[in-house]
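Structure record follows, encoded as structure tokens.
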Amino acid sequence: MTDYRRLRVALLGAGAVGSQVAALLRQHADELADRAGAHLELVGIAVRDIDAPRETDLPRELLTTDADALIVGADIVIELMGGIEPARTYLLQAINSGADVVTANKALLATHGPEIFDAADQVGAEVYYEAAAAGAIPIIRPLRDSLAGDRVQRIMGIVNGTTNYILDRMDTEGAEFADVLADAQRLGYAEADPTADVEGYDAAQKAAILASLAFHTTVPLEAVHREGITAIDKTMMDAARHAGYVIKLLAVCERLTDAETGESISVRVYPALVDRAHPLASVHGANNAVFVQAEAAGNLMFYGAGAGGVQTASAVLGDVVSAARRHIAGGVGVGESTLANLPIVPVGRVTTRYQITLEVDDQPGVLATVAGILSDGRVSIATVEQTVAGEDARTARLEIGTHKALEQDLSETVDRLAASGVVERVVSVLRVEGD
Ligand code: NAP
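For the sequence shown, the numbering used here begins at 17 and goes up steadily by one.
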């Protein structure tokens with residue numbers, strides 16, 4: 017075995033991801049040493065409960081409840097505890113004691129990223145976080161390094177596996193949201209409390225991380241517009257399918273250019289209609305995909321497992337090898353680039369196409385009234401299809417596809433439609449993404 021320098025690696029957390037990282041670090045120690053140019057010595061694993069059952073066989077003598085002591089003297093600290101505290105304190109402690117840090121903690125980076133990156137900058141350390149967005153899929157390094165010479169225009173990501181699993185089954189099986197959610201919980205695809213996934217919080221955290229990187233701008237989590245999938249039902253799924261779309265929960269990070277006000281960005285998470293011919297439409301089950309549109313590179317798609325202990329461990333170990341190489345080579349770490357500092361606009365300033373489904377009185381002149389309200393609201397119609405709800409029904413259903421319209425105009429127009437007297441019910445309003 018080559019006589020490599022030893023780097024002390026401290027692991028915080030031995031849960032779904034941490035236990036796999038520990039196992040792979042030990043299992044592939046020689047190979048990783050050859051790749052990193054250093055022997056990665058796992059010096060300890062901090063956990064809450066030493067006696068808790070683990071998914072992989074870990075030597076008991078490595079486990080400790082004293083994370084503080086473990087961090088002291090470590091060259092690389094891997095944080096896989098999750099949550100904000102004490103993860104934040106431990107990461108800052110590690111950075112300030114001269115370690116490079118690896119984390120998969122999207123919640124922490126989306127809320128305290130600037131503080132952590134600043135701390136690393138102060139001491140020339142580097143923060144690696146490939147696993148914090150879209151699990152095993154390499155997307156952080158492509159955005160940070162491979163596309164550093166390009167200009168990213170737009171990212172559309174399916175970055176939450178749970179919601180993709182639910183929407184995919186609703187689409188392919190015609191099932192209802194509540195039934196698929198219950199099934200997903202039983203099968204372990206969804207947590208007992210599914211709020212973070214189904215309300216779009218998890219996707220919003222990842223959107224903030226991806227947009228910050230792509231647009232060289234700090235994107236606070238509060239600036240991300242967020243809507244979840246709990247209002248999506250079978251009727252909406254059927255209407256989407258009928259019109260040639262599939263509904264996906266998308267994280268959209270977009271550069272907007274205005275001749276008067278210049279460049280800005282929009283970051284938003286919502287269920288959107290995606291054309292069935294778009295590559296994102298074929299992302300099934302709990303898989304993730306990130307579709308990147310860059311000025312010179314054109315369209316790129318990154319696809320794979322967005323979660324899972326061993327899959328995510330792959331991304332973490334890639335970071336550990338990078339951190340080790342940098343440690344051996346010396347020099348200061350690459351800091352976060354936030355110099356573009358672009359303004360972030362609210363969702364009302366975004367333009368997209370829409371698909372509006374209305375239940376209207378089945379009477380002559382109704383279509384003309386609806387068309388008039390849309391036109392007054394600066395929403396131009398691209399397609400209209402009328403379907404009668406039932407044999408002797410008083411109401412008919414209108415499926416209206418619009419050209420691109422300003423979100424603010426659209427929402428005011430939908431309010432006017434709802435109050436118009438000819439519209440019985442606004443069944444759904446969904447944005448169309450991916451043009
Ligand atoms: P997990 O299964 O809940 O494991 C958390 C681990 O941290 C446990 O071993 C726990 O110890 C330990 N821990 C928690 N609080 C601690 C404390 N105060 N002091 C010491 N140890 C503490 O979490 P996970 O699923 O592995 O996720 C870890 C991170 O990876 C999270 O940030 C998550 O968002 C991210 N991530 C996870 C996935 C995934 O598929 N799971 C995918 C992408 C990113 P005990 O075992 O003793 O309780």
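By construction, the Cβ of each residue, glycine as well, lies at the ideal position given by its N, Cα and C atoms.
Spell out the partners DSSP gives residue i in its beta bridges.
i	result
residue 417	371 and 399
residue 273	279
residue 99	According to DSSP, residue 99 bridges with nothing at all.
residue 116	92
residue 318	306
residue 60	26
residue 203	In DSSP, residue 203 forms no bridge with anything.
residue 446	371
residue 377	411
residue 360	281
With a threshold of 7 Å (Cβ to nearest heavy atom), would residue i be considered close to the ligand NAP?
i	result
residue 448	no
residue 65	yes
residue 186	no
residue 304	no
residue 409	no
residue 222	no
residue 176	no
residue 328	yes
residue 96	yes
residue 122	yes
residue 272	no
residue 39	no
residue 236	no
residue 472	No statement about residue 472 is possible, as the shown extent of the chain runs from 17 to 451 and does not include it.
residue 333	no
residue 102	yes
residue 439	no
residue 33	yes
residue 27	no
residue 275	no
residue 129	no
residue 206	no
residue 314	no
residue 381	no
Helix, strand or coil for residue i? Go by DSSP, reduced to three states.
i	result
residue 169	strand
residue 441	strand
residue 287	strand
residue 80	strand
residue 309	strand
residue 261	strand
residue 251	helix
residue 266	strand
residue 55	strand
residue 145	coil
residue 225	helix
residue 382	helix
residue 128	helix
residue 241	strand
residue 21	strand
residue 174	strand
residue 422	strand
residue 404	strand
Can you check whether the CB of residue j is closer than 8 Å to the CB of residue i?
i	j	result
residue 328	residue 117	no
residue 132	residue 110	no
residue 361	residue 433	no
residue 417	residue 429	no
residue 225	residue 122	yes
residue 320	residue 152	yes
residue 288	residue 168	no
residue 42	residue 58	yes
residue 177	residue 357	no
residue 36	residue 80	no
residue 262	residue 255	no
residue 349	residue 135	no
residue 267	residue 363	no
residue 286	residue 394	no
residue 237	residue 126	yes
residue 38	residue 61	yes
residue 216	residue 244	yes
residue 91	residue 23	yes
residue 228	residue 354	yes
residue 145	residue 155	no
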